[in-house]
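One structure below.
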Amino acid sequence: MSHSSSAPTPMSFTKSGPLTGRVRVPGDKSISHRALMLSALAVGESVIEGLLEGEDVLATAAAMRAMGARIERGADDVWRVHGVGVGGLLQPESALDMGNSGTSTRLLMGLVASHAITATFTGDASLSKRPMARVTDPLGTMGAQFSCSPGEKGNQYLPIMVRGACPALPISYRLPMASAQVKSAILLAGLNTPGITTVIEPVPTRDHSERMLAGFGARLDISTDADGARVISLHGEAELKPQHVIVPGDPSSAAFPMVAASIVPGSEVRIDNVGINPTRAGLIHVLKDMGADITLVDERIVGGEPVADLIVRHATLKGIETAPDVVPSMVDEFPILFIAAACADGTSIFRGLEELRVKESDRISVMAKGLEAIGVRVEELEDGLIVHGSGGAALDGGATIAAELDHRIAMSFAIAGLVSAAPVTIDDMSPVATSFPVFTAMLEGLGAR
Ligand code: S3P
46 MSHSSSAPTP MSFTKSGPLT GRVRVPGDKS ISHRALMLSA LAVGESVIEG LLEGEDVLAT
106 AAAMRAMGAR IERGADDVWR VHGVGVGGLL QPESALDMGN SGTSTRLLMG LVASHAITAT
166 FTGDASLSKR PMARVTDPLG TMGAQFSCSP GEKGNQYLPI MVRGACPALP ISYRLPMASA
226 QVKSAILLAG LNTPGITTVI EPVPTRDHSE RMLAGFGARL DISTDADGAR VISLHGEAEL
286 KPQHVIVPGD PSSAAFPMVA ASIVPGSEVR IDNVGINPTR AGLIHVLKDM GADITLVDER
346 IVGGEPVADL IVRHATLKGI ETAPDVVPSM VDEFPILFIA AACADGTSIF RGLEELRVKE
406 SDRISVMAKG LEAIGVRVEE LEDGLIVHGS GGAALDGGAT IAAELDHRIA MSFAIAGLVS
466 AAPVTIDDMS PVATSFPVFT AMLEGLGAR
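In our numbering, each residue carries its 1-based index in the sequence shown increased by 45.
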């Protein structure tokens, strides 16, 4: 099922006329993973609507099945999950293949860490280079044991075998980096741990785990400490009740048509059903500050998450300097924001992006190389990027981009192709199936070439 085993799929994107129409983006990836995991830990049948059927989420589904949950997709596209109960995960018979998915790996390590089972996690070439000590360190303090490939700078890399501790020890852990994956791994481990497991986050990150844990009936206390950090305490051993989850559209996927409509002259696109949770909505604010024409309509709450439809029209963008504190609310959107900055009037400065270096690729250096290849002037910084915009003029294009098995790099340069004088070729579009399987069909539907 992993794209890494299939042949690369190169694809070219060419200067396009106005993008027009109405689209719906696939379900939120972060929420989809959590919906499967918590449903698999509830007692009874949960129903999930709008689940993202991308490779990353399917890796989570396969892992939860391998650990005992019954998971079925109905003809109505609705998923039904019969959970095993907290504490009820079974020993998987073979290694859990996480494909390209860092979220599956880190969150599932959290679940395994407090169950009396042993599981081995493997992944593709990109995932096998991503640091895992950020989760193995705190989960090790809870009592789990890890055997893994030793790596650079004392870090740890897949394949990793996790031996869970039962009972695990509750910890209080202050996050050393802004990471919702690390926060969630610890909270998920806390579900089957007696006592109170606490995570302190100095910088708020996406809060889908907290919202959904509370929705499934876990007892969670959230407060702010004297330094202004968020303190999240989970009471174990929790009992989860089955739920009906409705997954909103992924704002990180909506980012691509949002920027495309903003930079392709004459465009007007409506994107329906987009999650606008404040911990995820940074890009909308930054684009608006750059002069983008984005209107939110019909703001509503769906399944405990704020949602709106977005109407985006072409606009003249100006360069911007982003504040470091917006980074967690748009951490996955910087690659496509760099494309918007490349088309803007003036220079943009993005800093505080050190976490981008440990995503599906080193997104600072891979974006810098690709932007230079299509004629954009950039300066790479240790923790960010300076982008000199074209002032709305077409980019040169005429290059093949090495996407480095990174779906968001591939999609970002596809959008750049739509405003480039010569076609932009992506060396391999197959990783896009991890998060946005209908990406090219959606672009063609809007009139892109
Ligand atoms: C995610 C958190 C973020 C994000 C990733 C999904 C999540 O990662 O980049 O795509 O679902 O919790 P970090 O926690 O490493 O910042």
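Backbone N, C-alpha and C define an ideal beta-carbon position, used for all residues, glycine too.
Note that this is a predicted model, so its numbers are computed, not measured.
So what does residue i bridge to, in DSSP terms?
i	result
LEU355	ILE316, LEU341
ARG115	HIS127
GLN136	Answer is none; GLN136 lacks a bridge partner.
GLN190	ARG208
ASP182	None; ASP182 has no bridge partner.
GLY294	GLY72, VAL319
LYS363	ASP390
SER57	THR470
Please report how far the alpha carbon of residue i lies from the alpha carbon of residue j, in whole angstroms.
i	j	result
ALA225	LEU184	15 angstroms
LEU64	VAL70	16 angstroms
ALA447	PRO212	46 angstroms
PHE191	ASP122	37 angstroms
THR479	LYS404	14 angstroms
GLY144	VAL483	19 angstroms
ILE384	GLU400	19 angstroms
ASP266	LEU279	7 angstroms
SER229	LEU152	6 angstroms
PRO323	SER374	7 angstroms
GLY99	ASP272	39 angstroms
ARG264	PRO287	15 angstroms
GLY262	HIS78	18 angstroms
ILE419	LEU341	33 angstroms
THR392	VAL421	11 angstroms
THR165	CYS193	9 angstroms
SER465	LEU285	51 angstroms
ILE241	LEU355	40 angstroms
THR445	VAL469	6 angstroms
SER47	VAL227	Low per-residue confidence applies at SER47: pLDDT is 47, beneath 50, and the placement is therefore not dependable enough to give any value.
VAL92	HIS289	5 angstroms
GLU282	ALA108	22 angstroms
GLU24	ILE321	The structure shown does not extend to residue 24, since the chain is modelled only from 46 through 494, so no value can be given for it.
MET474	HIS452	7 angstroms
THR167	VAL207	11 angstroms
ALA52	TYR218	42 angstroms
LEU328	SER268	26 angstroms
GLY397	LEU232	26 angstroms
LEU491	SER171	31 angstroms
ILE381	PRO239	43 angstroms
GLY72	SER435	33 angstroms
SER49	ASP270	Below a pLDDT of 50, predicted positions are generally treated as unreliable, and SER49, at 48, falls in that range; the measurement from the model is reported next regardless. Each residue's Cα considered, the two are about 44 angstroms apart.
GLY488	VAL477	Position check: residue 488 holds Leu in this sequence, whereas Gly was assumed. If I take the Cα positions, the gap works out to 13 angstroms.
ASP441	LYS74	33 angstroms
HIS359	ASP390	14 angstroms
ALA259	ASP472	43 angstroms
GLY66	PRO55	26 angstroms
Cβ of residue i within 8 angstroms of Cβ of residue j?
i	j	result
LEU430	ALA387	no
ALA104	SER139	no
SER159	ALA234	yes
ARG275	GLU350	no
GLY294	VAL319	yes
GLU246	LEU214	no
GLY113	LEU134	yes
GLU425	VAL292	no
PRO296	ALA326	yes
ILE460	ARG408	no
GLY437	THR367	no
VAL68	VAL432	no
GLY443	ALA413	no
GLY132	ASN237	yes
VAL357	MET303	yes
ALA300	GLU378	yes
LEU463	SER406	no
VAL180	GLY155	yes
GLY115	HIS127	The sequence as given places Arg at residue 115; Gly does not occur at that position. Yes, they are a contact pair.
LEU81	THR150	no
LEU141	ALA111	yes
ILE277	VAL244	yes
TRP124	LEU97	no
Taking only beta-carbon atoms, is residue i less than 8 angstroms away from chain B?
i	result
LEU426	Structure shown: chain B not included; a single protein chain is present.
Check whether the stretch 303-315 touches the stretch 54-68, counting contact only when three or more Cβ pairs, one atom from each stretch, lie closer than 8 angstroms.
Contact holds between the stretch 303-315 and the stretch 54-68, because three or more Cβ pairs, one in each stretch, are under 8 angstroms apart.
Three or more C-beta pairs below 8 angstroms linking the stretch 168-185 and the stretch 250-270
no
At which residue ranges does the stretch 59-105 contain complete alpha helix (DSSP H) runs of 4 or more residues, listed in the order of the chain?
74-86
Could you name each continuous alpha helix (DSSP H) segment of 4 residues or more that falls completely within the stretch 379-464, going from the start of the chain to the end?
379-388, 408-418, 452-462
Segments assigned beta strand (DSSP E), at least 3 residues, entirely inside the stretch 194-226
201-208, 217-219
Evaluate the contact criterion for the stretch 81-97 versus the stretch 323-333: three or more CB pairs, one atom per stretch, below 8 angstroms.
no
Inside the stretch 228-288 only - alpha helix (DSSP H) runs reaching at least 4 residues
253-260
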